Amino acid sequence: MSSVVVTGAAKGIGAGIAEAFARAGWSVVAVDRDKAPLEQTASRIGGTVVTLAGDVADRATNDAAVKLAVDRFGGLDAAVGNAGVTLPKLIDETTPEEFDRLFSINVKALMYLAQAAHKALAKSKGSLTVIASKTGLVAQRNSPIYVATKGAAVQLARALALDWAPEGIRVNAVCPGIVDTPMLKQFIDAMPDPAASRREHERAQPLGRLATPAEVASAVLFLATPAAGFITGVALPVDGGFTAE
Ligand SMILES: NC(=O)c1ccc[n+]([C@@H]2O[C@H](COP(=O)([O-])OP(=O)(O)OC[C@H]3O[C@@H](n4cnc5c(N)ncnc54)[C@H](O)[C@@H]3O)[C@@H](O)[C@H]2O)c1
């Protein structure tokens, strides 16, 4: 049975990814700093899901997650760096502490996950997938530091794809458009008219609606399977056509 580590698995896209892998018969190590919702999600999903509560911005959490997969499931076939936070603030309002926090969770944690998983993925000829964003491909207004972290995530995936190709490890980025998750709700609720903002977001997608976490998860699952065996170094938009314009 194949095994995967998924970070940020308590809610939103990460919960969808953990569910998709579990349904496909993978053993899942589900990681999140939010312990109670993580446990609830794991028991809702069923299948073989073990949980690890911790902050991905700590190297130790990533090490422990990979060790759990290796000890419990005999190896690691895929790692998915999904945990992320947003910062809907203009640059003049952004503090150095907020900048550091965003880069720690959205970028440095991906380095820690890659470092923790490298040896095990080399052994399995597995894959690493990072959840970036369409904002890693095209910019968006009002969240400059968030956009910068997602650009970094895309380029980290491309660079690692090159460095790890000789070892047979594939690395890709998935770039979701606007997905209906708690993160989106937080972003929209910070707007002066949340209902109007939601309609605006829906209208801005060529497909005229938001994505579901399951629609992102199916792309992530595909990238981890032998069906995607010659796909590495791509930044795959799952954005309803947004970046086609
Ligand atoms: N929702 C969207 O529209 C959208 C679009 C593009 C990209 N993304 C990206 O997808 C990923 C998931 O987003 P989401 O919308 O599901 O977010 P969410 O806020 O709904 O869920 C994120 C999960 O990650 C966990 N998490 C956050 N920081 C963590 C940390 N330091 N350590 C451990 N766990 C942590 C949270 O507890 C939560 O369970 C993020 O990287 C986000 O930037 C989201």
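For the sequence shown, this note's numbering assigns the number 263 to the last residue and increments by one with no breaks. By construction, the Cβ of each residue, glycine as well, lies at the ideal position given by its N, Cα and C atoms. No experiment lies behind these values; they were computed from the predicted model shown.
Run through the DSSP bridge pairs and tell me what residue i is partnered with.
i: residue 31; result: In the DSSP output, where bridge partners are listed per residue, residue 31 has none listed.
i: residue 229; result: 197
i: residue 237; result: Bridge partners of residue 237: none, in fact.
i: residue 149; result: 192
i: residue 45; result: 21
i: residue 69; result: 48
i: residue 254; result: 192
Mind checking whether residue i and residue j have CB atoms under 8 Å apart?
i: residue 22; j: residue 49; result: no
i: residue 96; j: residue 242; result: yes
i: residue 264; j: residue 92; result: Lying outside 19 to 263, the shown extent of the chain, residue 264 is not represented and no answer is given.
i: residue 137; j: residue 153; result: no
i: residue 51; j: residue 73; result: yes
i: residue 259; j: residue 228; result: no
i: residue 33; j: residue 231; result: yes
i: residue 234; j: residue 197; result: yes
i: residue 27; j: residue 56; result: yes
i: residue 148; j: residue 128; result: yes
i: residue 187; j: residue 239; result: no
i: residue 161; j: residue 106; result: yes
i: residue 179; j: residue 250; result: yes
i: residue 134; j: residue 83; result: yes
i: residue 244; j: residue 31; result: no
i: residue 94; j: residue 163; result: no
i: residue 212; j: residue 206; result: yes
i: residue 157; j: residue 165; result: yes
i: residue 170; j: residue 125; result: yes
i: residue 237; j: residue 256; result: yes
Contact defined as beta carbons within less than 8 Å: I believe residue i pairs with residue j. What is the distance between those atoms, to the nearest angstrom?
i: residue 172; j: residue 155; result: 7 Å
i: residue 122; j: residue 75; result: 4 Å
i: residue 36; j: residue 63; result: 6 Å
i: residue 67; j: residue 60; result: 4 Å
i: residue 214; j: residue 150; result: Residue 214 to residue 150, Cβ: 28 Å. No contact.
Residue i CB to nearest chain B CB: under 8 Å?
i: residue 211; result: Given the protein chain composition of this structure (a single chain), no chain B is represented.
Q. Taking the runs of the beta strand (DSSP E) that are 3 residues or longer, which of them lie wholly in the region 73-115?
A. The region 73-115 is shown to contain whole beta strand (DSSP E) runs of 3 or more residues at 96-99, in chain order.
Q: Only counting runs of 4 or more residues, tell me where the alpha helix (DSSP H) segments fall wholly within the region 172-226, in order along the chain.
A: Counting only runs of 4 or more, we get 200-207, 212-222.
Q) Can you list, in chain order, the stretches of the alpha helix (DSSP H) that have 4 or more residues and sit fully within the region 125-149? A) Counting only runs of 4 or more, we get 127-142.
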